[in-house]
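Chemist:
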Amino acid sequence: MTAGRVALRVAAGLALGFILLPLVLVSWLSFFRDDVVVFPPSGYTLRWFRAILDQRNFVDGFVTSLEVGVFAMLAGLALGVPASLCLARYRFRGRESLGLLLLTPLVVPGVVAGTAIYVFQVETEILTHLPLVASLPGLVLAHVVITIPWTVRLVSASLTGFDRTVEEAAQNLGAGPWTTFRRVTLPLIRPGVVAAALFGFVISFGNLEMTLFLIGPGRTTLPIAILQYLEWRIDPVIAAVSLLQILVIGAAMVATDRYVKLARVL
Amino acid sequence: MARIELEAVSKRYGDFHAVRDFSIKIDQGELVVLLGPSGCGKTTTLRMIAGFVPVTSGRIRLGGRDVTGLPAHRRNTGLVFQGYALFPHLTAAENIAFGLEMRGLPDAVVREKVASALRLVRLDDLGDRLPRQLSGGQQQRVALARALVIEPDALLLDEPLSNLDAKLREEVRVEIRQLQRALGLTTVMVTHDQDEALAMADRLVVMSAGAIQQIGTQRELYEHPSNRFVAGFVGRTNFLSGELVEPGVFRSDGGLTLRYDGRSALSGGVASIGRMSGARRALALRPERLALGASADPARSNHVAGTVEFASYLGAMIEYYVRLSSGETLRVHAPNTGAAGDRAWALGETVHVSWPVEVGLVLEDEHHPEEEHR
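One line per chain: the protein sequences are A and B, in this order. Under our numbering, the letters of the first sequence match residues 3 to 268, in that order. Under our numbering, the letters of the second sequence match residues 198 to 571, in that order.
#1: Can you tell me whether DSSP reads A177/A as helix, strand or coil?
#2: When the Cα atoms are used, what is the spatial distance from D321/B to A294/B?
#3: Between which residues of its own chain and S469/B is the CB-CB distance below 8 Å, once the five residues before and five after are set aside?
#4: With C-beta atoms as the reference, is L200/A less than 8 Å away from T162/A?
#5: For S575/B, which of T454/B, L315/B, S423/B has the nearest alpha-carbon?
#6: Beta-carbon of L376/B versus every beta-carbon of chain A: anything under 8 Å?
#7: What would DSSP say about V505/B, mapped onto helix, strand or coil?
#8: If the criterion is Cβ atoms closer than 8 Å, does the pair G202/A and S160/A meet it?
#9: Would you kindly work out how many angstroms separate the C-alpha atoms of A77/A and L246/A, rounded to a whole number?
#10: Examine chain A for any beta-carbon lying closer than 8 Å to the beta-carbon of G280/B, and answer yes or no.
#11: Within 8 Å (strictly less), CB to CB, does I347/B reach chain A?
#12: Can we say the stretch 166 to 185 of chain A touches the stretch 38 to 51 of chain A, given the rule of at least three CB pairs closer than 8 Å?
#13: Helix, strand or coil for A242/A, going by three-state DSSP, please let me know.
#14: Quick check on this structure: which residue in E368/B, R262/B, N499/B has the alpha carbon closest to the alpha carbon of F447/B?
#15: Round the Cβ separation of V154/A and L104/A to the nearest angstrom and send it over; I've been treating them as touching at under 8 Å.
#16: In chain order, what residues of the stretch 178 to 210 of chain A put their CB closer than 9 Å to some CB of chain B?
#17: Would you list the residues sitting across from I257/B in a DSSP beta bridge?
#18: So that I know if they touch, is there some Cβ in chain A lying closer than 8 Å to that of P285/B?
#19: Go to Y419/B, then tell me how far its alpha helix (DSSP H) extends in each direction, as first and last residue.
#20: Considering just the uninterrupted stretch of the alpha helix (DSSP H) at K310/B, what are its terminal residues?
#21: Less than 8 Å between the C-beta atoms of F60/A and L224/A, yes or no?
#22: Can you tell me which of the three DSSP states P532/B falls into?
#23: Can you round the beta-carbon distance between H549/B and A493/B to whole angstroms, since I take them to be within the 8 Å contact cut?
#24: Could you tell me whether the stretch 211 to 221 of chain A touches the stretch 99 to 119 of chain A, where touching means 3 or more Cβ pairs closer than 8 Å?
#25: Leaving out the 5 sequence neighbours to the left and right, which residues in its chain are closer than 6 Å to I412/B when beta-carbon positions are compared?
#26: What's the C-alpha gap between N174/A and A344/B?
#27: In the DSSP assignment, find the beta strand (DSSP E) that holds E516/B and state where it starts and stops.
#28: Within 10 angstroms of its Cβ, does K364/B collect 16 or more other Cβ (buried), or is it exposed?
#29: For I251/A, which three-state DSSP category applies?
#30: In whole angstroms, what separates the C-alpha of G82/A from that of G208/A?
#31: Which term fits C88/A, buried or exposed, when burial requires 16 or more other beta carbons within 10 angstroms of its beta carbon?
#32: What distance in whole Å lies between the Cβ atoms of P285/B and L341/B, which are believed to be in contact at a cut-off of 8 Å?
#33: For S522/B, count neighbouring Cβ atoms within 10 angstroms of its own Cβ and tell me buried if that reaches 16, exposed if not.
#34: Check the Cβ-Cβ distances between G163/A and every residue of chain D, and say whether any is below 8 Å.
#35: With a cut-off of 8 Å, do at least 3 Cβ pairs link the stretch 392 to 401 of chain B to the stretch 228 to 240 of chain B?
#36: Taking only runs that begin and end inside the stretch 45 to 112 of chain A, name each unbroken alpha helix (DSSP H) of 4 or more residues, in chain order.
Spelled out as C-alpha cells, the structure:
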C-alpha cells in the first residue's frame, strides 16, 4: 500500500470517528447509574429508559413529532413529485428560478424561517380566524416547507437520464396519461421517491430551530421536549431519549435501504 | 388490419418545415419504407402517424378512421422503438401483456395471447426475464411481440435494426418481414440504411429535406430515379455535370460529347428537354453498367479513354476509379466472374470506358447538400 493510500484511510477513519463519537458517547451515557453525569460511572442501569415514560412531555412530543413527520412527508411528496416532473420535462420561463426557489429552504436559517412563518400564521389567523398558530395543521404546513427541497432534489435526481420513450411506449399501447404515470413513470422513479419520503420524515422529525417558534402550550415536539428538559436538569434520561431517537431514525434508514439502495440514490 | 392513408400531411416548427405535403396510400398488408438521410423528416412522419407529433396540416386515416385529432393512446398503432423502450421493471411477458391489459381483456385471454406472442417470436422460455437479462436481439423480439399482440391497425418500425450487430441484422430483417407477411400487417418502417430498405420494402418513399422525392418499388427507384438525389441515394451512381446539346446528346463540363437515349420518357430530365439550352443537367451512369476495355469498343455508342487511378478488390466485384481524358472521374464496377476473359487493370494503365446509349440517364442537376451524407 502506498503512503498516499494510508494517509487517505487514516483521514477517512478520523472523519468517521469524528462523526460517530458523539453518538457513541450519548449511547454510553444513557446507561450510567448516577443521577448526575459523572465520569467514570459508578455502575450501569436501564432505569433511565423506564423514566422516559414518566415524562409526559417526551411521550407527547414523540407522538406529535411522528404525526407531523408523517404528514409533512406525505404533503412534501404530493407537492414535490409533480414539481420535479414539471422542472425535468417542461421548458418554461422562470424554470430555473423556480427550481432554485424550491431549494432555498435548505439555506434559510431555521430561526429566520420559524420567525417568518410564525408572523405569517399569526397574521393569517387574525385575517381568517382559522386556528393556525400552534395547531397540528400549522406545524405540518411549516414542516412541508423544509421537506419539499429534499423531495425535489431526490426525485429530480432520479428523473435525470429518465428514458421518456418508455412513456411513449405505454401510450402507444393504449395507456392514458394517468395510467402511464402510475404503471410506468412512478415505478421507475420509486427509489428517488422512497428516499425522498425517508429524508422528508427525518428532517421534519429532527427539526428544532424552526419549530421552536411554532409550538404552543400543550403541543410540543420531541426535540423541543428534550431542550426544555435540559433547561432544568442534566441527567441520563436525556441520553436515553436521544438514543431512542437515533434508533428510530436508524431503523427507518435500514428498513428503507432494504427496499431501495440509498447509496445509489444519494 | 387496414390501410394507412396520409393526405397532404405537413409539420412546421416555426419557419422550419420538418415535413411538407406528405401524401401516400398504403395498402392492406403492404410494407412501406421511409428512406432518407437523418433530418429528412422520416421519423417525424412516423411519429405523426403514431400520434406523438401533432400535424400542422393534413389528415391521417388508419383503416378509414380519421385519427388526425386523436391522442397516441387511442390510435391503435403498434410502434417498435429504435431503442425498443421496453419497460425495465416488467418481465418480457408483462411487457407484452401491457397493451392487452390496457384494452381491458380478461386475464385468461391475456395469458393465452402473451404465450402465443412469445411463441411467435421464439421466446417461449424467456417470458419471466427482465429486459436487462435479455440480449439485444431478444429485447428486439419482445418489442416486436409487444407491438404485434395488440393487433394494431398499423405496425410502425423506427429503425428497428439499428441497435443490432451486422450479422444479427440480416437475420432479424428476414424474420420481421416473414412475420409481417404472415400476419398481413400494414407496416411503415423508417430507416436510413439503403440495404435494409431495399431488402424489406414492398414500396419505398425516398425523402429529403422534409419532402417526398419519389415513391416506388426498388426497381422503379433504381432504374428510373426521378431526380439526382434519388439516383444518388439508392445504389451508387456516377454523375457528370453538363448540358444538353440536342435530344440524345449531352456535353459534359469536361468537354465530352456523350449519347443517351433521348426518346426515353423515363428520366425526369426528359420532360424539360424542350427548354434545354443552357439548363444544367447531370448524366447519371450506374458503375456496374460501364465496361472497361483495352481499346475503344465500337459496338457501344459511348467510349472514353482514361487511366486507372484507384482500384479496390471487393470480392464480388472490383471497383475502379478511372480518370477520364477530360479530367472527370468515373467509378466502374467490374464483375469478378472468375472467367478466363476477365482481366484486372493495374494502376496507371490506360483503359477505355464504354457503355450503350440506354445506360445514361439525364437528370436535373440540382446539387443536393444532403447528398454528402452518402
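Even for Gly, the Cβ is constructed at its ideal location relative to N, Cα and C. Source: prediction; values computed, not measured.
Modeler: To lay it out plainly:
#1: coil
#2: 14 Å
#3: For S469/B, the pLDDT reaches just 47, beneath the cut-off of 50, and the residue's location in the model is therefore unreliable, although a value from the coordinates is still provided. Excluding residues within five positions, the ones whose Cβ falls inside 8 Å are A476, E561.
#4: no
#5: Since the displayed chain B opens at 198 and closes at 571, residue 575/B lies outside it and no answer follows.
#6: Chain A contact via Cβ: absent.
#7: strand
#8: no
#9: 26 Å
#10: G280/B belongs to the set of residues whose beta carbon lies under 8 Å from a beta carbon in chain A.
#11: True, the Cβ-Cβ gap to chain A drops below 8 Å.
#12: no
#13: helix
#14: Measuring from the Cα of F447/B, the nearest candidate turns out to be N499/B.
#15: 5 Å
#16: Per Cβ criterion, the list reads G178, P179, T181, T182, R185, V186, P189, L190, R192.
#17: L203/B
#18: yes
#19: 415 to 420
#20: For K310/B, the enclosing alpha helix (DSSP H) has its first and last residue at 304 to 317.
#21: In this structure, L224/A lies closer than 8 Å to F60/A by Cβ.
#22: strand
#23: 5 Å
#24: yes
#25: Same-chain partners within the cutoff: V402.
#26: 9 Å
#27: Per DSSP, E516/B belongs to the beta strand (DSSP E) from 514 to 521.
#28: Exposed, because fewer than 16 other Cβ atoms sit within 10 Å of the Cβ of K364/B.
#29: Three-state result, I251/A: helix.
#30: 20 Å
#31: Answer is exposed; the Cβ neighbour count stays below 16.
#32: Incorrect: roughly 18 Å between the Cβ atoms, too far for contact.
#33: exposed
#34: Absent from the structure is chain D; the protein chains it does hold are A and B.
#35: yes
#36: 49 to 56, 58 to 91, 97 to 105
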